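Chemist: Under our numbering, the very last position in the sequence shown is 250; numbers go up by exactly one each time. One structure, as structure tokens, below. Some questions next.
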Amino acid sequence: MVGKKRTSFFNDVKLKVLSKISNWQHKLFSSGGKEILIKAVAQAVPAYAMSVFKIPLGLCNDIQRAMAQFWWGSKEDKKGIHWGKWEKLSYAKIRGGLGFRDVSCFNQALLAKQGWRLLQNPESLVAKVIKARYHKNTDFLNAKVGSSPSFIWRSILWGRQVLQKGTRWRIGNGEKIQIQASNWIPRPTTFKPIVEPSLPTGAKVSELILPNQQWNESMINQSFARMDADIIKSILLPRTP
Numbered sequence: 010m011v012g013k014k015r016t017s018f019f020n021d022v023k024l025k026v027l028s029k030i031s032n033w034q035h036k037l038f039s040s041g042g043k044e045i046l047i048k049a050v051a052q053a054v055p056a057y058a059m060s061v062f063k064i065p066l067g068l069c070n071d072i073q074r075a076m077a078q079f080w081w082g083s084k085e086d087k088k089g090i091h092w093g094k095w096e097k098l099s100y101a102k103i104r105g106g107l108g109f110r111d112v113s114c115f116n117q118a119l120l121a122k123q124g125w126r127l128l129q130n131p132e133s134l135v136a137k138v139i140k141a142r143y144h145k146n147t148d149f150l151n152a153k154v155g156s157s158p159s160f161i162w163r164s165i166l167w168g169r170q171v172l173q174k175g176t177r178w179r180i181g182n183g184e185k186i187q188i189q190a191s192n193w194i195p196r197p198t199t200f201k202p203i204v205e206p207s208l209p210t211g212a213k214v215s216e217l218i219l220p221n222q223q224w225n226e227s228m229i230n231q232s233f234a235r236m237d238a239d240i241i242k243s244i245l246l247p248r249t250p
């Protein structure tokens, strides 16, 4: 368990990565060889810890700095020229980068994946334990930190920020979806109405659906701006909610 030994645990993770990198002689490898070592070894070593815990930002920067120094040929007695920022090297190759990972962003993405598993598998043992401990009366996306939270739970909530930005509801009966607060409109920029509708706060999407499982188009046209109304009416509804 991490607990009070958190600092030493994370230092061990960093030392494992640094020891790997320090044993490599950059002169013996081509650019392709160095790329493979960084991606397949240096970035893979801390992956298990990063999938469970939020790694301190300073430690992520140390690991990233060591990888950059290896890539550019820097040593303790010789400093290589860094011709580009690591941020640019972290872009996908199609965007002009080399596909290296930003360590902190990779950490958050792995924790977001754990949160996604809790959403997709609510009947799993770990999901039931976490729900009973931290969010008995609400769902995972709206759960709070709670009292005396574990470090793992706080780490998962940090990863949840990624899910909250990119997930949206799929419309069924709409009874759980708030029109103004929930993410439900399929739009690349935002999943919420751009213009505030003329509806009461807390109104649900179910109020926009007729008993025959069709959109109430007259109500939508009256309550929403045209740009929002057109997108809402284009959403396909299931035959049975």
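All C-beta atoms, glycine included, are put in the ideal place defined by N, C-alpha and C. Keep in mind that this is a model prediction, so the values were computed, not measured.
In whole angstroms, what separates the C-alpha of Ile240 from that of Phe200?
Modeler: 11 angstroms
Chemist: Going by Cα to Cα distance, which pick from Asp21, Ser17, Gln231 and Gly82 is closest to Leu37?
Modeler: Gly82
Chemist: Where does Trp95 sit, in a helix, a strand or coil, going by DSSP?
Modeler: helix
Chemist: Report back the beta-carbon spacing between Pro247 and Gly155 to the nearest angstrom; my notes put them in contact at under 8 angstroms.
Modeler: Not a contact, Cβ separation roughly 35 angstroms.
Chemist: How would you write the range of the alpha helix (DSSP H) that Tyr100 sits in, first residue to last?
Modeler: Tyr100 -> no alpha helix (DSSP H), and no H or E assigned at all.
Chemist: Could you check whether the segment 112–123 touches the segment 55–75, counting it as contact only if at least three pairs of C-beta atoms, one from each stretch, sit closer than 8 angstroms?
Modeler: yes
Chemist: Counting Cβ pairs, one atom from each stretch, are 3 or more of them under 8 angstroms apart for the segment 179–193 and the segment 213–223?
Modeler: The segment 179–193 vs the segment 213–223: in contact.
Chemist: Of all the options Lys174, Trp80 and Pro55, which has the alpha carbon lying nearest to the alpha carbon of Gly42?
Modeler: For the set Lys174, Trp80 and Pro55, the Cα lying nearest the Cα of Gly42 is the one of Trp80.
Chemist: Exposed or buried, Trp92, counting other C-beta atoms within 10 Å across all chains shown (16 or more means buried)?
Modeler: exposed
Chemist: If Gly108 and Lys97 are in contact, beta carbons under 8 angstroms, what's the gap, nearest whole angstrom?
Modeler: About 12 angstroms; that fails the 8 angstroms criterion.
Chemist: To the nearest whole angstrom, what separates the beta carbons of Asn230 and Ala238, a pair I think is in contact under 8 angstroms?
Modeler: 5 angstroms
Chemist: For Arg163, which option in Ile194, Arg196 and Gly124 has the closest C-alpha, if you only look at C-alpha atoms?
Modeler: Gly124
Chemist: With a threshold of 7 angstroms on Cβ separation, who are the neighbours of Ser17 within its own chain once the five nearest residues in sequence on each side are excluded?
Modeler: A distance below 7 angstroms between beta-carbons, with the five flanking residues on each side excluded, links Ser17 to no residue of its chain.
Chemist: Out of Trp33, Pro158, Leu245 and Pro220, which has the shortest C-alpha to C-alpha gap to Trp193?
Modeler: Leu245
Chemist: Just tell me which of Ser232, Cys69 and Thr198 has its CA closest to the CA of Asn281.
Modeler: The requested residue 281 does not occur in the structure, where the chain is confined to residues 10 to 250.
Chemist: For Ser39 and Thr198, I'd like the C-alpha separation in whole angstroms.
Modeler: 41 angstroms
Chemist: Is it a yes or a no for the segment 168–177 touching the segment 120–140, going by three-plus beta-carbon pairs under 8 angstroms?
Modeler: Between the segment 168–177 and the segment 120–140 there are three or more inter-stretch CB-CB distances shorter than 8 angstroms, so the stretches are counted as touching.
Chemist: What separation, rounded to the nearest whole angstrom, lies between the Cα atoms of Ser28 and Val54?
Modeler: Between Ser28 and Val54, the C-alpha separation is close to 11 angstroms.
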